[in-house]
Amino acid sequence: MSALAGAEGARVTTPDPRIVSGWSTMARVVEHRALQYRRTFRASIFGSFGIPVLFLTAMGLGLGGYVDKSADAALHGLTYLQFLAPGLLAATVMQTGSFEATFPILGGLQWNKVFHAMFSTPIRPADIVYGNVAWIAFRLSLVGAVFGIVIVAFGASRSALVVLAVPAAVLTGLAFATPIMAFTATQRTPDRFATLFRFGVTPLFLFSGTFFPIESLPSYLQPIAWLSPLWHGVELCRMLMLGTLFETPLLALVHLLVLVTLTAVGIAFALRTVEARLVKG
Amino acid sequence: MSETLTTDAGESAREHAAAPAAQPAAAATDSLIHARGLTKRFGEFTAVDGIDFDVQPGEAFGFLGPNGAGKTSTMRMIGCTSPISDGRLTVLGMDPRRDGTRIRARLGVVPQADTLDNELTVRENLLIYGRYFGLPRDECARRADELLDFVQLTDRGKDLVEPLSGGMKRRLTIARSLINEPDLMLLDEPTTGLDPQARHLLWDRLYRLKQRGVTLVLTTHYMDEAEQLCDRLVVMDKAKIVAEGSPQQLIERYSTKEVAEFRFAPGIQETLDGQFEGLADRIERLPDRVLLYADDGEAVVQGAHGRGLRPETVLVRRSTLEDVFLRLTGRSLID
């Protein structure tokens with residue numbers, strides 16, 4: 001029975017969800033996020049350029065000027081700008097990924113409850129998880145690509161593999177975003193996000209070989225860097241941008257595996273927590 | 001028939017409303033919703049305790065009851081967003097446990113709390129919701145414009161949702177729930193929290209849908225809403241159904257034609273023990289007033305005067321569902 005006026009003539013019927021693939025339902029979630037993003041797209045892209053330009057100028061060139069004069073052997077003959085750029089790329093994308101997995105996700109579950117609205121249609125909780133992960137991957141690709149362009153413009157890359165450093169950074173971002181998304185789905189208020197950023201994201205941002213080689217840390221602290229997912233991302237990006245990937249291919253593979261595993265585990269948990277949140281008892 | 005509907009013979013959304021499919025689960029009934037012993041438990045707590053009901057195509061069916069009676073839990077089970085704990089439930093001839101996604105594709109859900117996207121415009125909210133159902137973009141646009149007109153929001157289409165009034169948001173939510181041309185609409189307390197004018201406008205739109213043959217299932221704790229909209233309703237209290245029928249049937253069965261309401265000056269009512277006996281068929285003493293149920297309210301008032309009772313105000317009115325609920329549960333609908 002048509003609920004609409006003038007229901008005469010050929011009308012489009014609602015497709016039966018059995019024959020609509022999972023890709024398609026997931027894509028509708030991405031479409032929703034894209035529609036939201038359209039409104040803030042310009043400001044967001046502008047900001048994406050601003051951050052790397054500011055950081056690379058202030059730290060890479062400004063601070064780097066002092067660092068390079070002291071000619072520390074720890075940088076293995078690199079300029080500080082060349083050392084810093086891959087670290088900042090991975091760390092910035094990681095921060096964006098962490099943010100995208102907190103407030104926008106809590107919003108959909110708790111504030112405007114858009115995910116609940118989706119779940120009253122053929123969209124399933126898994127579509128909501130995969131759709132948001134896909135959307136975050138897209139957002140991070142934009143942030144990473146812009147950062148990559150700025151890095152090249154600063155002449156801070158030594159290898160054409162810089163092109164692959166962007167997806168490596170995106171993967172780093174997802175390795176943070178997916179477990180954090182799983183955590184967010186268990187929260188009703190943003191209260192614990194401050195703790196997450198203060199004691200999780202920010203310390204990792206600072207102590208994962210981003211701004212200085214972890215060899216500069218006391219030797220007993222160095223193994224901790226191995227536990228930091230960001231360190232693996234930073235190292236991978238650095239190998240790609242400095243063209244040293246093929247000197248230690250096994251190490252690169254370890255970095256990649258750590259990031260892929262974290263992302264996959266994060267998705268597995270998010271599938272459970274998001275479904276638990278949307279399905280009532 | 002569109003090329004998207006080729007998997008099952010007779011599986012067209014439109015055909016279902018007229019004659020629910022001959023699926024094995026629905027073989028015994030033509031009901032759009034068929035529930036037997038339907039139960040929902042959350043741990044130790046039983047929210048819905050073995051209820052039976054059927055909703056027929058084209059009717060407006062209501063769940064009337066106070067907060068916490070189990071109405072929303074029932075709606076969520078029908079809406080396939082909450083698994084049933086026990087009993088049997090078929091919706092549109094299908095089993096929610098197996099076919100939740102397919103059922104949801106043919107429902108129009110108006111949840112208790114608004115779930116609109118405040119970051120999008122009014123029209124965009126409709127467009128993206130249509131996309132959830134897999135409708136092509138041009139079809140979403142066509143339906144969105146029709147629906148905006150139907151809920152009288154055409155001139156707000158380009159505005160963001162946030163500054164809209166509560167009544168406008170509810171109307172938009174109703175428009176949104178219609179974008180897939182549902183076979184069955186689920187409305188969970190559609191007018192709670194709205195001012196009287198906004199409620200009447202909403203009732204008018206729902207009434208029009210009913211006229212067009214849309215099956216409506218709604219919950220409410222407003223007896224006037226239930227009387228206005230429902231062809232048939234069940235009264236729920238403490239997780240169980242305590243009565244079922246049309247509003248008129250329920251009033252006839254559980255109440256008298258009229259009610260005389262007596263209000264006394266503070267402190268007087270407590271002293272009037274036994275003085276109402278025999279004046280009416282039934283007497284209810286509420287904290288602030290005494291209700292005397294009889295087919296002739298005026299005669300009760302005369303009788304009370306004859307006994308020298310001097311209430312501050314007297315009101316003779318027709319019985320309502322509120323009285324039915326009071327009779328069945330001993331409590332008011334809204335505390």
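Read top to bottom, the protein sequences are chains L and C. If you count the first sequence from 1, position 125 lands on 125 in our numbering, and the numbers rise without skipping. If you count the second sequence from 1, position 67 lands on 67 in our numbering, and the numbers rise without skipping. Think of the CB as a built atom: it goes at the ideal place given N, C-alpha and C, for glycine as much as any other residue. In this text the structure is predicted, and so the values were computed from the model without any measurement.
Cβ neighbours of residue 59 of chain C in the same chain (closer than 7 angstroms, five flanking residues each side left out):
The residue you call residue 59 of chain C lines up with position 59 of the second sequence. The residues are 215, 231, 232.
Helix, strand or coil for residue 47 of chain C per DSSP?
Your numbering for residue 47 of chain C matches position 47 in the second sequence. Three-state result, residue 47 of chain C: strand.
Would you say the stretch 59–70 of chain L touches the stretch 159–171 of chain C, given that touching needs at least three Cβ pairs under 8 angstroms?
no
Just to confirm my understanding: we take residue 157 of chain L, look at its own chain, exclude 5 residues before and 5 after, and list those with CB closer than 6 angstroms. What are they?
The count along the first sequence starts at 1 and reaches residue 157 of chain L at position 157. These residues qualify, in order along the chain: 151, 241.
Taking DSSP as the reference, what is the three-state secondary structure of residue 224 of chain L?
Position 224 of the first sequence, counted from the start, is the residue given in the question as residue 224 of chain L. The answer is helix: DSSP assigns residue 224 of chain L an H, G or I state.
What would DSSP say about residue 240 of chain C, mapped onto helix, strand or coil?
Along the second sequence, one-based indexing puts residue 240 of chain C at 240. Reduced to three states, the DSSP call for residue 240 of chain C is strand.
Looking at residue 112 of chain L and residue 127 of chain C, is the spacing between their C-beta atoms short of 8 angstroms?
Residue numbering aside, residue 127 of chain C sits at position 127 when the second sequence is read from its first letter. Residue numbering aside, residue 112 of chain L sits at position 112 when the first sequence is read from its first letter. Result no, Cβ atoms of residue 127 of chain C and residue 112 of chain L do not sit closer than 8 angstroms.
Determine the DSSP secondary structure at residue 39 of chain C, reduced to helix, strand or coil.
Here residue 39 of chain C refers to the residue found at position 39 of the second sequence. Of the three classes helix, strand and coil, the one that applies to residue 39 of chain C here is strand, per DSSP.
Residues of the stretch 28–56 of chain L with Cβ closer than 8 angstroms to any Cβ of chain C, in chain order
28, 31, 32, 35, 36, 39
With DSSP as the reference, label residue 216 of chain C as helix, strand or coil.
Numbered from its first residue, the second sequence carries residue 216 of chain C at position 216. In the structure shown, residue 216 of chain C sits in a strand (DSSP, three-state: E or B).
For the pair the stretch 115–127 of chain L and the stretch 194–202 of chain L, tell me if three or more CB-CB distances fall below 8 angstroms.
no
Using alpha carbons as the reference points, say which of C:66, C:181, C:265 lies closest to residue 237 of chain C.
On the second sequence, residue 237 of chain C is found 237 positions in, with the first residue counted as 1. Residue C:66 is the option with its Cα nearest to residue 237 of chain C.
Which of helix, strand or coil DSSP assigns to residue 115 of chain C
Residue numbering aside, residue 115 of chain C sits at position 115 when the second sequence is read from its first letter. Residue 115 of chain C falls in the coil class under three-state DSSP.
Short check: CB of residue 115 of chain L to CB of residue 108 of chain L, under 8 angstroms?
The sequence position of residue 115 of chain L within the first sequence is 115, counting from 1. The sequence position of residue 108 of chain L within the first sequence is 108, counting from 1. Taking 8 angstroms as the Cβ cut-off, residue 115 of chain L and residue 108 of chain L qualify as a contacting pair.
Taking 8 angstroms as the cut-off, does the stretch 122–132 of chain L touch the stretch 198–208 of chain L (at least 3 CB pairs, one atom from each stretch)?
no
Can you confirm whether residue 123 of chain L, when its beta carbon is compared against all beta carbons of chain C, has any partner nearer than 8 angstroms?
If you number the first sequence from 1, residue 123 of chain L lands on position 123. Interface residue, yes.
Chain L contacts made by the stretch 243–270 of chain C, where a contact means CB separation under 8 angstroms:
none
Drop a sphere of 10 angstroms on the beta-carbon of residue 209 of chain L, count the other beta-carbons inside from all chains shown, and report buried for 16 or more, exposed for fewer.
The count along the first sequence starts at 1 and reaches residue 209 of chain L at position 209. It is buried - the Cβ of residue 209 of chain L has at least 16 other Cβ atoms within 10 Å.
Identify, in the order they occur along the chain, each residue of the same chain with its Cβ nearer than 6 angstroms to the Cβ of residue 81 of chain L, setting aside the five sequence neighbours on each side.
Your numbering for residue 81 of chain L matches position 81 in the first sequence. Once the five neighbours on either side are set aside, the close Cβ partners of residue 81 of chain L are 60, 64, 156.
For a contact meaning CB atoms closer than 9 angstroms, what does residue 26 of chain L contact in chain C?
Along the first sequence, one-based indexing puts residue 26 of chain L at 26. Neighbours of residue 26 of chain L on chain C: none; closest Cβ ~11 angstroms, over 9 angstroms.
For a test of the three-state rule: what should DSSP assign to residue 222 of chain C, helix, strand or coil?
Mapped onto the second sequence, residue 222 of chain C falls at position 222. Note: residue 222 of chain C maps to coil in three-state DSSP.
Can a CB atom of chain C be found closer than 8 angstroms to the CB of residue 134 of chain L?
Along the first sequence, read from residue 1 onward, the residue named residue 134 of chain L stands at position 134. For residue 134 of chain L, the answer is no, since every Cβ of chain C falls outside 8 angstroms of its Cβ.
Counting along the chain, where does the alpha helix (DSSP H) carrying residue 84 of chain C start and finish?
Taking the first residue of the second sequence as 1, we reach residue 84 of chain C at position 84. Note, residue 84 of chain C: premise wrong, no alpha helix (DSSP H); not H, not E.
If we ignore side chains and look at the alpha-carbon of each, how far apart do residue 26 of chain L and residue 196 of chain C end up?
Taking the first residue of the first sequence as position 1, residue 26 of chain L is located at position 26. Taking the first residue of the second sequence as position 1, residue 196 of chain C is located at position 196. Cα-Cα distance, rounded: 41 angstroms.
Distance check for residue 104 of chain L and residue 164 of chain L, CA to CA, integer angstroms please.
In the first sequence, counting from the first residue as 1, residue 164 of chain L sits at position 164. In the first sequence, counting from the first residue as 1, residue 104 of chain L sits at position 104. Between residue 164 of chain L and residue 104 of chain L, the C-alpha separation is close to 28 angstroms.
In chain C, which residues lie with their C-beta within 9 angstroms of the C-beta of residue 197 of chain L?
Mapped onto the first sequence, residue 197 of chain L falls at position 197. Here the premise fails: no neighbours, minimum Cβ distance about 23 angstroms.
Rounding to the nearest angstrom, what Cα-Cα distance links residue 87 of chain C and residue 254 of chain C in this structure?
Here residue 87 of chain C refers to the residue found at position 87 when the second sequence is read from its first residue. Here residue 254 of chain C refers to the residue found at position 254 when the second sequence is read from its first residue. One C-alpha to the other measures close to 29 angstroms.
Anything in the stretch 89–123 of chain L with a Cβ closer than 8 angstroms to a Cβ of chain C? List those residues in chain order, please.
112, 113, 114, 116, 117, 118, 119, 120, 121, 122, 123
Find the residues of chain C that neighbour residue 279 of chain L, judging by a C-beta separation of less than 8 angstroms, and give them in chain order.
Indexing the first sequence from 1 puts residue 279 of chain L at position 279. The contacting residues are 81, 82, 83.
Nearest to residue 256 of chain L by CA position, among L:230, L:42, L:36, is which residue?
For the purposes of this step, residue 256 of chain L is identified with residue 256 of the first sequence, where counting begins at 1. Closest option to residue 256 of chain L, Cα to Cα, is L:230.
Over the uninterrupted alpha helix (DSSP H) stretch that includes residue 268 of chain L, give me the two end residues.
Your numbering for residue 268 of chain L matches position 268 in the first sequence. Segment 249–278, the alpha helix (DSSP H) holding residue 268 of chain L.
Is the beta carbon of residue 125 of chain C closer than 8 angstroms to that of residue 176 of chain C?
Looking up residue 176 of chain C in the second sequence gives position 176. Looking up residue 125 of chain C in the second sequence gives position 125. Contact flag set, yes.
What number of angstroms, rounded off, separates the C-alpha of residue 202 of chain C from the C-alpha of residue 189 of chain L?
Residue mapping note: residue 202 of chain C aligns to position 202 of the second sequence, counting from 1. Residue mapping note: residue 189 of chain L aligns to position 189 of the first sequence, counting from 1. Cα-Cα distance, rounded: 33 angstroms.
Within its chain, find whatever has a CB closer than 8 angstroms to the CB of residue 77 of chain C; leave out the 5 residues flanking it on each side and keep chain order.
Sequence index remark: in the second sequence, residue 77 of chain C carries index 77 (1-based). Result list for residue 77 of chain C: 38, 40, 48, 83, 84, 89, 96, in chain order.
Kindly confirm or deny that the stretch 137–152 of chain C and the stretch 210–226 of chain C touch, where touching means at least three C-beta pairs closer than 8 angstroms.
no
Assumed close pair residue 157 of chain C, residue 122 of chain C - CB separation to whole angstroms, cut-off 8 angstroms:
Walking along the second sequence from the start, residue 157 of chain C turns up at place 157. Walking along the second sequence from the start, residue 122 of chain C turns up at place 122. Confirmed, Cβ separation roughly 5 angstroms.
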